[in-house]
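First to last, the protein sequences are chains L and H. Under the numbering used here, think of the first position of the first sequence as 63, with each following residue one higher. Under the numbering used here, think of the first position of the second sequence as 63, with each following residue one higher. Ideal Cβ placement from N, Cα and C applies to all residues, glycine included.
2 protein chains.
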Amino acid sequence: MNAFDVLGDPVRRRILELLADGESTAGRLTDVVRAEFGITQPAVSRHLRVLRESGFADVRSEGRRRLYAVNAEPLQEVDMWLQRYRRFWEGRLDALETEIRRARRQDRVARTPPHPPPPSPESAITRAASPETHDTARLSRL
Amino acid sequence: MNAFDVLGDPVRRRILELLADGESTAGRLTDVVRAEFGITQPAVSRHLRVLRESGFADVRSEGRRRLYAVNAEPLQEVDMWLQRYRRFWEGRLDALETEIRRARRQDRVARTPPHPPPPSPESAITRAASPETHDTARLSRL
DNA sequence: AGCAAGTATATGGACCAGCTTATATAAGTC
DNA sequence: GACTTATATAAGCTGGTCCATATACTTGCT
Chain L
63 MNAFDVLGDP VRRRILELLA DGESTAGRLT DVVRAEFGIT QPAVSRHLRV LRESGFADVR
123 SEGRRRLYAV NAEPLQEVDM WLQRYRRFWE GRLDALETEI RRARRQDRVA RTPPHPPPPS
183 PESAITRAAS PETHDTARLS RL
Chain H
63 MNAFDVLGDP VRRRILELLA DGESTAGRLT DVVRAEFGIT QPAVSRHLRV LRESGFADVR
123 SEGRRRLYAV NAEPLQEVDM WLQRYRRFWE GRLDALETEI RRARRQDRVA RTPPHPPPPS
183 PESAITRAAS PETHDTARLS RL
């Protein structure tokens, strides 16, 4: 299964967003997704399996729980694919540079990579049929 | 239709790759895709329509041809979604910085954004069921 | 051992994306 | 106007993805 196919599903994207904040148990992920998408536990388990098998997530067992974590490798591949299009937007390289500065600032605060920083607001791209919040704003804010 | 759904199809990704080198006629795109994927003209036309309607491509007519071009906006959205994962890979920000330097070098050469720079080698991620060329190499080469 | 909690797998059905064949539209050419 | 080239649309088929229901497995508790 291709990386983009995996990311094509809104549930899987949501799970990955949750995992971006650090490890999580299958149970917690299931609860959130159930609440937001109204699907059953087996359905979520299926998605977790896809994420595992496609390399987007790693699991480890701890007692009777299973802890999931992001594996960024496939995401990096996607990132590299996008590389060829970056020159198309904004002030070309300037935006990237500014982005680095912004990220560095944030980095000083976050420091410990994976663990619940304040829950981020819903991403526009995430929800399936959202009213397209279309925040080009975000980039200029960088 | 969600951005990732659009990119989930290998044919559409290939078309976008071709368009990354600049405008192209529907005919040329069709020929390449037909050769590589063995699908018919109407099938390609369908994909072009999806790209149009999802905002990934713009068209303009010129005589009886239709010229397609990338519209990077949705790709930028994808790029922003990936933002939260960038900290997971490599020397964190260092890779990004190096990337800027590399891009600037290349920028001096390219200068005119859209038009046929040497056809890039097949991307690993592009083909549907490729033997996963897995070129992490590319990143370290940046 | 027996039971509950946590999570995964099996099965069967609905729906949808993408394909092919056939055909339409539009613009040039004779 | 008839014909060709370039591209899009229509109709119908098919396989695969995702879901729910039902069930199995594993670990911890008593």
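message: Between the alpha carbons of glutamine 103 of chain L and asparagine 64 of chain L, how many angstroms are there, rounded?
response: One-based indexing of the first sequence puts residue 103 of chain L at position 41. One-based indexing of the first sequence puts residue 64 of chain L at position 2. Going from the Cα of glutamine 103 of chain L to the Cα of asparagine 64 of chain L covers about 24 Å.
task: Check distances from the C-beta atoms of the stretch 68 to 79 of chain L to those of chain H and list, in chain order, the residues that come in under 9 Å.
output: Val68, Leu69, Gly70, Asp71, Pro72, Arg75, Leu78, Glu79
- prompt: Do valine 95 of chain H and valine 121 of chain H have their C-beta atoms within less than 8 Å of each other?
  reply: The residue given as residue 95 of chain H occupies position 33 in the second sequence. The residue given as residue 121 of chain H occupies position 59 in the second sequence. Contact flag unset, no.
- request: Counting only the same chain and skipping the five closest in sequence on each side, list residues whose C-beta sits under 8 Å from that of valine 68 of chain L.
  value: If you number the first sequence from 1, residue 68 of chain L lands on position 6. So the list reads Arg74, Val112, Leu113, Ser116, Phe118, Pro136, once near-sequence residues are dropped.
- prompt: Excluding the five sequence neighbours on either side, which residues of its own chain have a C-beta within less than 7 Å of the C-beta of asparagine 133 of chain L, listed in chain order?
  reply: Walking along the first sequence from the start, residue 133 of chain L turns up at place 71. Correct list, in chain order: Gly117, Phe118, Ala119, Asp120.
Contact set between leucine 144 of chain H and chain L, taken where Cβ atoms lie within less than 8 Å: Translated into the one-based positions of the second sequence, residue 144 of chain H becomes position 82. Under the 8 Å cutoff, chain L gives Leu137, Val140, Asp141, Leu144.
field: Cβ of phenylalanine 150 of chain L within 8 Å of any chain H Cβ
entry: Counting from one through the first sequence, the residue named residue 150 of chain L turns up at place 88. Yes, because at least one Cβ of chain H sits closer than 8 Å to the Cβ of phenylalanine 150 of chain L.
- prompt: From the beta carbon of valine 132 of chain L, is the nearest beta carbon of chain H less than 8 Å away?
  reply: Mapped onto the first sequence, residue 132 of chain L falls at position 70. Answer yes: the Cβ-Cβ gap between valine 132 of chain L and chain H drops below 8 Å somewhere.
field: Own chain partners of proline 180 of chain H with C-beta closer than 8 Å, once the 5 adjacent residues on each side are dropped
entry: Looking up residue 180 of chain H in the second sequence gives position 118. Annotation note: pLDDT 38 at proline 180 of chain H (below 50); position unreliable, coordinate value reported separately. Cβ neighbours of proline 180 of chain H within its own chain (closer than 8 Å, five residues either side excluded): none.
- prompt: So, is the C-beta of alanine 105 of chain L closer than 8 Å to a C-beta in chain H?
  reply: For the purposes of this step, residue 105 of chain L is taken as residue 43 along the first sequence, with counting starting at 1. Output row for alanine 105 of chain L: interface = no.
Three-way DSSP call (helix, strand, coil) for serine 123 of chain H in this model: Numbered from its first residue, the second sequence carries residue 123 of chain H at position 61. In this structure, serine 123 of chain H counts as strand in the three-state DSSP scheme.
message: According to DSSP, leucine 129 of chain H sits in a beta bridge with which residue or residues?
response: Within the second sequence, the letter at position 67 stands for residue 129 of chain H. Paired residues: H/Thr87, H/Arg122.
N- and C-terminal bounds of the alpha helix (DSSP H) containing arginine 75 of chain L: By one-based count along the first sequence, residue 75 of chain L stands at place 13. Element bounds for arginine 75 of chain L: 72 to 82.
message: Measuring only the C-alpha atoms, how far is isoleucine 101 of chain H from glycine 89 of chain L?
response: Against the second sequence, residue 101 of chain H aligns to sequence position 39. Against the first sequence, residue 89 of chain L aligns to sequence position 27. The alpha-carbon atoms of isoleucine 101 of chain H and glycine 89 of chain L are separated by roughly 43 Å.
field: Endpoints, the alpha helix (DSSP H) within which glutamine 138 of chain H is located
entry: Counting from 1 along the second sequence, the entry for residue 138 of chain H is found at position 76. Residues 135 to 144.
- prompt: Heavy atom of the ligand SAH less than 7 Å from the Cβ of valine 68 of chain L, yes or no?
  reply: No copy of the ligand SAH appears in this structure; indeed no ligand is present at all.
query: Using DSSP with H/G/I as helix, E/B as strand and the rest coil, what is threonine 92 of chain H?
result: Counted from its first residue, the second sequence places residue 92 of chain H at position 30. Three-state result, threonine 92 of chain H: helix.
query: Who are the Cβ neighbours of arginine 245 of chain L in its own chain at under 8 Å, not counting the five residues just before and after it?
result: For residue 245 of chain L there is no data in the structure shown, the boundaries of chain L being 63 and 204.
- request: Give the residues of chain L in contact with alanine 82 of chain H, contact being defined as C-beta atoms less than 7 Å apart.
  value: Position 20 of the second sequence, counted from the first residue, corresponds to residue 82 of chain H. Neighbours of alanine 82 of chain H on chain L, chain order: Arg146, Tyr147.
field: Length of the line joining the Cα atoms of tryptophan 143 of chain L and leucine 144 of chain H
entry: Along the first sequence, read from residue 1 onward, the residue named residue 143 of chain L stands at position 81. Along the second sequence, read from residue 1 onward, the residue named residue 144 of chain H stands at position 82. Cα to Cα, the separation comes out at about 12 Å.
query: Along the chain, where does the alpha helix (DSSP H) that runs through phenylalanine 66 of chain H open and close?
result: Stepping through the second sequence from its first residue, residue 66 of chain H is reached at position 4. For phenylalanine 66 of chain H, the enclosing alpha helix (DSSP H) starts and ends at 65 to 69.
query: With C-beta atoms as the reference, is phenylalanine 66 of chain H less than 8 Å away from glycine 125 of chain L?
result: For the purposes of this step, residue 66 of chain H is taken as residue 4 along the second sequence, with counting starting at 1. For the purposes of this step, residue 125 of chain L is taken as residue 63 along the first sequence, with counting starting at 1. No. Outside cutoff.
- prompt: Would you call aspartate 93 of chain H buried or exposed, if buried means 16 or more other Cβ atoms sit within 10 Å of its Cβ?
  reply: Numbered from 1 along the second sequence, position 31 holds the residue referred to as residue 93 of chain H. Exposed, since its Cβ has fewer than 16 Cβ neighbours within 10 Å.
query: Where do the N-terminal and C-terminal ends of the alpha helix (DSSP H) with serine 107 of chain L fall, by residue?
result: In the first sequence, the residue the question calls residue 107 of chain L occupies position 45. Counting along the chain, the alpha helix (DSSP H) containing serine 107 of chain L begins and ends at 103 to 115.
- request: Using 10 angstroms around the beta-carbon of alanine 97 of chain H, count the other beta-carbons present and answer buried if the total reaches 16, otherwise exposed.
  value: The residue given as residue 97 of chain H occupies position 35 in the second sequence. With fewer than 16 Cβ atoms within 10 Å of its Cβ, alanine 97 of chain H is classed as exposed.
message: So, at 6 Å on beta carbons, what are the nonlocal neighbours of glutamate 79 of chain L in its own chain, with the 5 sequence-adjacent residues on each side left out?
response: Taking the first sequence and counting its residues from 1, the one referred to as residue 79 of chain L is at position 17. So no residue of the chain qualifies.
query: In chain H, which residues lie less than 7 Å from phenylalanine 118 of chain L when you measure between Cβ atoms?
result: Working through the first sequence from its first residue, we reach residue 118 of chain L at position 56. Those within 7 Å of phenylalanine 118 of chain L in chain H number zero; the least Cβ separation is about 10 Å.
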